[in-house]
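S.K.:
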Amino acid sequence: MGPMTDILCIGSVLWDVIGRSASVMRQGSDVPGRITRIPGGVALNIAMTLLRFGLRPVLLSAVGRDRQGEELLARCTAMGMETAHVYRSADLPTDRYMAVEGANGLIAAIADAHTLEAAGARILEPLRDGRLAQENKPFSGPVALDGNLTPELLAEIAQSPLLATADLRVAPASPGKAERLLPFLQHARGTLYVNLEEAGLLCQQPFATSTEAAHGLLKRGARRAIVTDGGNPAADGLNGDVITGQPRQVLVTRVTGAGDTFMAAHIAAETSGADRPSALTRALEAAAHHVSGDTKL
1 MGPMTDILCI GSVLWDVIGR SASVMRQGSD VPGRITRIPG GVALNIAMTL LRFGLRPVLL
61 SAVGRDRQGE ELLARCTAMG METAHVYRSA DLPTDRYMAV EGANGLIAAI ADAHTLEAAG
121 ARILEPLRDG RLAQENKPFS GPVALDGNLT PELLAEIAQS PLLATADLRV APASPGKAER
181 LLPFLQHARG TLYVNLEEAG LLCQQPFATS TEAAHGLLKR GARRAIVTDG GNPAADGLNG
241 DVITGQPRQV LVTRVTGAGD TFMAAHIAAE TSGADRPSAL TRALEAAAHH VSGDTKL
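Position 73 of the sequence shown, counting from 1, maps to 73 under full-length UniProt numbering, and the rest follow consecutively.
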């Protein structure tokens, strides 16, 4: 291990194609704006933020052997990430995510993570063959895991000895994939990072506040639950104790990646020794910088 702490980032590594407009949008809107293509995916968004906090992300994902994949991994390596363990598919394209954002937030998004899903458990081979760990000597450091993996693979990870001693941090990737995290409730593994809607889907009931949601997730079996609710208070539930933090109010200029930034900043804070209230405050501040368009932390 080098001078920085290694952290595994397992999940989607892809290109984000984002259309943003300063106009309020609705279904069928056709407005001027900007379209960008940038490295993205939940695992990669988390990794990019972790770099800014002095951690060294080690990517476990699937990327095609196409031109887009070569360019993407070159960008990741240039940023300081370890990409040698990424599974490369010869017959599948590099994944993509497309979103449209207006002044009133995210309008619509489509995540094409078919290559990651097709790769399945092959992305975890470095944890078995000795490159990063092996079955009789599992990886014991921090791990950021995203819900873009298949339900079957997530269920396997939730009880796998490969990550039994790891500090496992898990995010659902989107409300549509929240229920994929149910095995982590059933096996009381890891720290779950969800928003209010995702918490409700996991518990099959609506919640009015993040505090209620954190209590609900703990009751359902979560080892630890961290729940955000946009500009409303966020909550961190552990061992029956729930603490809250109030986000700073800012002008929202972008929303894609805000949850990933929050999660990465929280992991980095706790890795550096911050207590729960301090880590929550630092994560909320990082998210506020992100949504306001100011990435200086």
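Backbone N, C-alpha and C define an ideal beta-carbon position, used for all residues, glycine too.
If you scan the region 165-247 from start to end, which runs of the beta strand (DSSP E) of 3 or more residues do you find wholly inside it?
M.R.: The qualifying runs are 167-171, 191-195, 224-229, 232-238 and 241-245.
S.K.: Count the other CB atoms within 10 Å of the CB of leucine 284; is the residue buried (16 or more) or exposed (fewer)?
M.R.: By the 10 Å Cβ count, leucine 284 comes out buried.
S.K.: For the beta strand (DSSP E) containing isoleucine 157, name the first residue and the last one.
M.R.: Here isoleucine 157 belongs to no beta strand (DSSP E); instead the alpha helix (DSSP H) covers 151-157.
S.K.: Less than 6 Å between C-beta atoms, sequence neighbours within five positions excluded: which residues of the same chain meet that for valine 252?
M.R.: Hits under 6 Å: Val291.
S.K.: Assuming arginine 189 contacts arginine 223 under a Cβ cut-off of 8 Å, what Cβ separation, rounded to an integer in Å, is found between them?
M.R.: Yes, they are in contact, since the Cβ atoms of arginine 189 and arginine 223 sit about 6 Å apart, within 8 Å.
S.K.: What are the start and end residues of each continuous beta strand (DSSP E) run of 3 or more residues lying completely inside the region 32-99, in chain order?
M.R.: DSSP runs (the beta strand (DSSP E)) wholly in the region 32-99: 34-40, 55-60, 62-64 and 87-89.
S.K.: Can you tell me which of Thr115, Val143 and Ala166 puts its alpha carbon nearest to the alpha carbon of glycine 137?
M.R.: Residue identity differs from the one stated: residue 137 is lysine in this sequence, not glycine. The shortest Cα separation from lysine 137 among Thr115, Val143 and Ala166 belongs to Ala166.
S.K.: Measure how close the beta-carbons of proline 183 and leucine 154 come, nearest whole angstrom, since I'm counting them as under 8 Å.
M.R.: Yes, they are in contact, since the Cβ atoms of proline 183 and leucine 154 sit about 6 Å apart, within 8 Å.
S.K.: How should proline 32 be labelled, buried or exposed, when 16 other C-beta atoms within 10 angstroms of its C-beta is the threshold for buried?
M.R.: With fewer than 16 Cβ atoms within 10 Å of its Cβ, proline 32 is classed as exposed.
S.K.: Report the option in Ala265, Lys219 and Leu168 whose CA atom is closest to the CA atom of leucine 51.
M.R.: For the residues Ala265, Lys219 and Leu168, the minimum Cα distance to leucine 51 belongs to Ala265.
S.K.: Can you determine whether any heavy atom of the ligand GTP sits closer than 8 Å to the C-beta of valine 194, and answer yes or no?
M.R.: The ligand GTP is not part of the structure shown, which contains no ligands of any sort.
S.K.: Grab me the residues of proline 233's own chain with a C-beta within less than 8 Å of its C-beta, minus the 5 sequence neighbours each way, in chain order.
M.R.: Thr209, Ser210, Thr211, Thr244, Gly245, Gln246 and Pro247.
S.K.: Would you report the Cα separation of aspartate 213 and isoleucine 267, rounded to the nearest angstrom?
M.R.: In the sequence as presented, aspartate is not what sits at residue 213; that position holds alanine. Answer to the nearest angstrom: the Cα atoms are 20 Å apart.
S.K.: For alanine 173, which residues in the same chain have their Cβ closer than 6 Å to its Cβ, ignoring the five residues on either side in sequence?
M.R.: Excluding sequence neighbours, alanine 173 sits near Val42, Asp146, Gly147 and Asn148.
S.K.: Short of 6 Å in beta carbon distance, which residues of its chain neighbour valine 100, apart from the five on each side in sequence? Order them along the chain.
M.R.: Cβ neighbours of valine 100 beyond the five flanking positions: Gly19, Ile107 and Ala108.
S.K.: From this set, Pro151, Arg37 and Arg67, which residue's C-alpha is nearest valine 17's C-alpha?
M.R.: Valine 17 has its Cα closest to that of Arg37, out of Pro151, Arg37 and Arg67.
S.K.: Going by DSSP in three states, leucine 251 sits in which element: helix, strand or coil?
M.R.: Coil.
S.K.: For the alpha helix (DSSP H) that contains residue 306, what are its first and last residues?
M.R.: Within the shown structure, residues of the chain are numbered from 1 to 297, placing residue 306 beyond reach of any answer.
S.K.: I'd like to know whether the C-beta atoms of glycine 120 and glutamate 152 end up nearer to each other than 9 Å.
M.R.: It is a contact, given that the beta carbons lie within the stated cut-off.
S.K.: Rounded to the nearest angstrom, what separates arginine 254 and glycine 216 at their Cα positions?
M.R.: Approximately 30 Å between the Cα atoms of the pair.
S.K.: Compare the C-alpha of glutamate 117 against each of Val63, Thr49, Ala178 and Asp6 and name the closest.
M.R.: With distances taken between Cα atoms, glutamate 117 lies closest to Val63.
S.K.: With distances taken between CB atoms, is the gap from proline 39 to cysteine 76 smaller than 9 Å?
M.R.: Closer than 9 Å, so yes.
S.K.: What did DSSP end up calling glycine 120 once you bin it into helix, strand or coil?
M.R.: Of the three classes helix, strand and coil, the one that applies to glycine 120 here is helix, per DSSP.
S.K.: Assuming alanine 103 is part of the beta strand (DSSP E), what are its boundary residues?
M.R.: Here alanine 103 belongs to no beta strand (DSSP E), and DSSP marks it neither H nor E.
S.K.: Measuring straight from C-alpha to C-alpha, what distance separates arginine 34 and aspartate 294?
M.R.: Each residue's alpha carbon lies about 18 Å from the other.
S.K.: In this structure, how does DSSP classify alanine 109 when only helix, strand and coil are distinguished?
M.R.: Alanine 109 falls in the strand class under three-state DSSP.
S.K.: So which of Leu168, Gln249 and Thr281 has the shortest CA-CA distance to histidine 187?
M.R.: Answer by Cα proximity: Leu168.
S.K.: Please determine if the region 52-71 and the region 5-15 are in contact, where contact requires at least 3 C-beta pairs separated by less than 8 Å.
M.R.: Judged by Cβ distances under 8 Å, the region 52-71 makes contact with the region 5-15, as three or more pairs qualify.
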